[in-house]
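Engineer: Start counting the sequence shown at 1; every next residue gets the next number (the UniProt record's numbering). Each residue gets a CB set at the ideal place from its N, CA and C atoms; glycine is no exception. All values derive from a computational prediction rather than experimental measurement. Right, I'll just put the structure down here and ask away after.
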Amino acid sequence: MFRKSIYKSAAQLRAMVEPGLITAAALDAVRPLIRPGVTTLELDAEANRVILARGAESNFQLVRGYRHTTCISVNDEVVHGIPGERVLQAGDIVSIDCGAQFQGWNGDSAITVVVPDETRPEVVARRQELSRVTEGSMWAGIAAMASASHLGDIGAAIQGYIEAQGPSAVSGETYGILREYVGHGIGRKMHEAPSVFNYRTPDPGPELKSGLVLAIEPMVTAGSDETFVEDDDWTVSTTDGTDGSHWEHSVALHEGGIWVLTAADGGAAGLAPFGVTPTPIA
C-alpha cells in the first residue's frame, strides 16, 4: 500500500510559516481578553475574527461535528472544552487551543492562562505553577527536537522535565501526564502521522530529520492522569477533579535547524533557557 512520507520538502515547510503565524496572532489577540466576566464564546469569536481577517479559516471547524474556532478548557477540564456561555471567574486556569488553515496548510497551538485573583493568591500560585511546568516541558520537548535522533526522545525529554520539577513547590502535588491524548504531525491536515507521545516509550519511533513538522503538546494535570469525556462528547476532564494545563506549538525541523511555526520569534525566547537558537526556514 502506498504511504505518504511524514517528511516535507523545503517548499512545503515554507508554505507552513503563514498558517503558523496566523494561529499565533489569534492566540495573541485572545490572551488579553481572558479576565473575569468574559464568556468562553466571546474568546472564541475573537480568535475567529483574527483568522478570517488574515484570509485563513479555522481548521477546528473542519473537524466533523465541531463548529467552533477554539477549544477552551477551564480548571479540571484539560482539553477539548467547547466554547459557550460559561463566564470566566477570578482564579480560573484557562487553556485555549486554536488552529488556522491557510492555502491548504495548517497551524495548531495552545496556551494556558491563569485569571488573576487577589483574594486567593494560593490558588493562583498553584495554578500558575502547573502552567509553568507544562509550558516548560513543551519547550524541553521542542529543544530535544533540535538535536535528538528519534521521535521518542521528545517524549522522554517532556517527561524528564516534568519529573525533574518534583512535587509542586506550591502545593506538593505530583503532576500527571495524559496518556490517551498526544501530539501529532501536522501539514495538509491538522492531524497527521506520527503520534508524538508526551512520555517515555520503548519504541524509539521515526527518525528526526529535515522535513518533519510536529505539534508538540503536553497535557498535564495537578493530580492523577486519569480522565473522562463529559456528556458533550468532547470535553476531557480529570477524574479526581484536579486542574489541567495544555501548551502546544507546531515546530518544523529543516536543514538549518528548527523553527517554531506558531511563535512570532520562531521560539527564540522559549528555547533560550535550553541553549537552542531557532533558525528561519530558508
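Which whole-angstrom value is the C-beta distance of Cys98 and Ala47, which I expect to be below 8 Å?
Structural biologist: Contact flag correct, Cβ pair sits at about 5 Å.
Engineer: Mark Pro19 as exposed unless 16 or more other C-beta atoms lie within 10 angstroms of its C-beta, in which case mark it buried.
Structural biologist: Pro19 comes out buried.
Engineer: Is the CB-CB distance between Arg200 and Gln159 below 8 Å?
Structural biologist: The answer is yes: Cβ separation under 8 Å.
Engineer: Compare the Cα-Cα distances from residue 291 to each of Leu130, Gln128, Tyr7 and Trp105 and report the closest residue.
Structural biologist: Since the displayed the chain opens at 1 and closes at 282, residue 291 lies outside it and no answer follows.
Engineer: Short check: CB of Thr235 to CB of Ile82, under 8 Å?
Structural biologist: Their beta carbons are under 8 Å apart, which means Thr235 touches Ile82 by this criterion.
Engineer: Is the beta carbon of Pro177 less than 8 Å from the beta carbon of Pro218?
Structural biologist: Note that residue 177 is Ile in the sequence shown here, rather than Pro. In contact: Ile177 and Pro218 (Cβ atoms closer than 8 Å).
Engineer: Do you know offhand how far Ser147's Cα is from Gly141's?
Structural biologist: Roughly 11 Å separates the two Cα atoms.
Engineer: Okay, do the stretch 274 to 281 and the stretch 252 to 263 touch, 3+ Cβ pairs below 8 Å being the bar?
Structural biologist: The stretch 274 to 281 vs the stretch 252 to 263: in contact.
Engineer: Any heavy atom of the ligand PLP closer than 7 Å to the CB of His249?
Structural biologist: Because no ligand of any kind appears in the structure shown, any question about the ligand PLP cannot be addressed here.
Engineer: Does the Cβ-Cβ distance between Met16 and Val196 come in under 8 Å?
Structural biologist: No; because the gap between Cβ atoms is not below 8 Å, this pair is not in contact.
Engineer: Going by DSSP, name the residue or residues bridged to Thr227.
Structural biologist: Bridge partners of Thr227: Thr238.
Engineer: Along the chain, where does the beta strand (DSSP E) containing Ala252 start, and where does it finish?
Structural biologist: His249 to His254 is the span of the beta strand (DSSP E), which, as asked, contains Ala252.
Engineer: Pull up the distance between the alpha-carbon of Glu226 and that of His246, whole angstroms please.
Structural biologist: Between Glu226 and His246, the C-alpha separation is close to 15 Å.
Engineer: Pick from Ala222, Gly223 and Thr239: whose alpha carbon is nearest that of Val229?
Structural biologist: Checking every option, the nearest Cα to that of Val229 belongs to Thr239.
Engineer: Return the residue from the list Arg179, Gly187 and Gly65 that minimises the CA-CA distance to Gln12.
Structural biologist: For the residues Arg179, Gly187 and Gly65, the minimum Cα distance to Gln12 belongs to Gly187.
Engineer: Pull up the distance between the alpha-carbon of Ala268 and that of Val38, whole angstroms please.
Structural biologist: Looking at the two C-alpha atoms, the distance is approximately 31 Å.
Engineer: Under DSSP, the alpha helix (DSSP H) around Gln165 begins and ends at which residues?
Structural biologist: Residues Gly152 to Gln165.
Engineer: Compute the Euclidean distance between the alpha carbons of Ser77 and Pro206, then round it to the nearest angstrom.
Structural biologist: In the sequence under discussion, the amino acid at residue 77 is Glu, which differs from the Ser named in the question. One C-alpha to the other measures close to 31 Å.
Engineer: Go through the stretch 26 to 64 residue by residue and report every complete run of the alpha helix (DSSP H) that reaches 4 residues or more, in order.
Structural biologist: Listed in chain order, the complete alpha helix (DSSP H) runs (minimum 4 residues) inside the stretch 26 to 64 are 40 to 53.
Engineer: State the Cα-Cα distance for the pair Ile34 and Leu43, rounded to the nearest angstrom.
Structural biologist: Approximately 7 Å, taken between the alpha carbons.
Engineer: Can you give me the Cβ contacts of Tyr7 inside the same chain, cut-off strictly under 8 Å, excluding the 5 residues immediately before and after it?
Structural biologist: These residues qualify, in order along the chain: Lys209, Ser210, Gly211 and Leu212.
Engineer: From the DSSP output, in three-state form, read off Thr134 for me.
Structural biologist: DSSP places Thr134 in helix when its eight states are reduced to three.
Engineer: Going by DSSP in three states, Leu261 sits in which element: helix, strand or coil?
Structural biologist: In this structure, Leu261 counts as coil in the three-state DSSP scheme.
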